[in-house]
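If you count the sequence shown from 1, you need to add 187 to reach the numbering used here.
Contents: one structure, followed by commentary.
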Amino acid sequence: MDLSATQSALQKEGLERLKQYTDVLLQPAIQLEATPVTDAGAEDKLEVGISKIGGVPDLPAAQQWPMWKDLPQSFVAQIRLADITSYDTNHWLPQQGMLWFFYDAKQETYGDDPQTSGGWQVLYSADIQHLERAVVPEKLPKEARFKTCAVKAKSELTMAQQPQLEIANLKWSDEDQEHYDTVYGQFNDDRDKTLPRHLMFGYPDTLQDDMRLQCQMASNGVTDINDPKVKDLSKDSNDWHLLLQVDSDDRTGMNWPGSGMLYYWIKLSDLKAQKFDHIWLVAQSA
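What follows is the structure in structure tokens.
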């Protein structure tokens, strides 16, 4: 559904008061279509430095493979920013360079414990002229190594699942949410439900609760929702934005906890400053 169709659907469901907020409720995203590289030895023939999910990363010569608890982390994806800059409608990302995404090889990191903040890593380099295909560490378990998928980017419009989290002081009832869920379902009807959902930016495909308050709390060392600090922390929870969503995918061997998804979150101020060392990760199960 496009903007006009969404507004019409909201009006049909008696939610015409939301039409003025569609610029908030509908956010652009970059869909990453993943195509498995199936031929034996095909990755060796791939150009060094292309965007891909799974496989073996192409890293700067001096870059060490990220570790967590004496074990190499799983390589999840690398995104060449030049491949997606034309789809970055908010112009948040650098136009050149590369992002690399890693995750706990044992998949025991969920984003709810401040002590596990080393269980993932996002690397960034503006200079990608001298990349080398990395050597996979022998200590990385076989099940933590994923098959390669080539990546193609395309534009997508995403819709918020809970308007009351996006619009300040919105009067909202369970009945309102039921009507909104109808529109939300219609909005997503044209998606191919058989393919994995890999996204950058926009609203994520949330499997459990909204994650932004969790990111805000855990990144500030708070785990108890009843902690007095939560009230002040919650004021800035919407500063967190989805950087990358990676779905479970049998084709690559990626089966995140509970057949769920990984979500890498970043504060907008860090994103604009091109600082990728304060990412927070959340793993949700289906």
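Cβ atoms here follow ideal geometry from the backbone N, Cα and C, with glycine treated the same way.
All values reported here derive from a predicted model rather than from experimental measurement.
In this structure, the alpha-carbon of Pro215 lies about 28 Å from that of Gly242. Beyond the five residues adjoining it in sequence on each side, Glu234 comes within less than 7 Å, by CB distance, of no other residue in the same chain.
Ala292 places its beta carbon less than 7 Å from that of Gln260. Proximity of the region 339-353 to the region 387-404 meets the contact definition, three or more beta-carbon pairs being nearer than 8 Å.
In this structure, the straight-line span from the alpha carbon of Ser472 to that of Gln294 is close to 12 Å. Annotation for Phe289: the continuous beta strand (DSSP E) segment containing it runs Met285 to Tyr290. Between Val338 and Leu430, the gap from beta carbon to beta carbon reaches 7 Å or more. The residue from Leu318, Thr296, Ile315 and Glu319 with its alpha-carbon nearest to that of Gln308 is Thr296. In the structure shown, Pro223 adopts extended strand secondary structure according to DSSP, grouped into three states. Burial is judged here by how many other beta carbons sit within 10 angstroms of a residue's own beta carbon; Arg204 has fewer than 16 and is exposed. Ranking Phe463, Ser446, Gly445 and Ala340 by CA distance to the CA of Trp452 puts Phe463 first. Distance from the CA of Ser435 to the CA of Thr276, rounded to the nearest whole angstrom, comes to 27 Å. The beta carbon of Tyr208 is closer than 6 Å to those of Ile354 in its chain, skipping five residues each way along the sequence. About 5 Å separates the Cβ atoms of Ile271 and Ala340, confirming a contact at the 8 Å cut-off. Per DSSP, His366 is one residue of the alpha helix (DSSP H) stretching across Asp361 to Phe374. By the Cβ criterion, the region 311-321 is in contact with the region 246-263, since at least three pairs of Cβ atoms, one from each stretch, lie closer than 8 Å. Membership of Asp434 in the beta strand (DSSP E) is indicated by the continuous run Trp427 to Asp434. In the structure shown, the three-state DSSP call for Pro415 is coil. In the structure shown, Arg378 falls within a coil segment according to DSSP collapsed to helix, strand and coil.
Around the beta-carbon of Val433, 16 or more other beta-carbon atoms lie within 10 Å, marking it buried. No Cβ-Cβ contact shorter than 7 Å links Gly306 with Trp359. If you compare the alpha carbons of Val211, Leu280, Thr225 and Ile217 with that of Lys459, the shortest gap goes to Leu280. For the pair of segments examined, the region 356-375 was found to touch the region 191-201: the number of CB pairs separated by less than 8 Å reaches three.
Here Pro301 carries a helix assignment [DSSP, helix/strand/coil].
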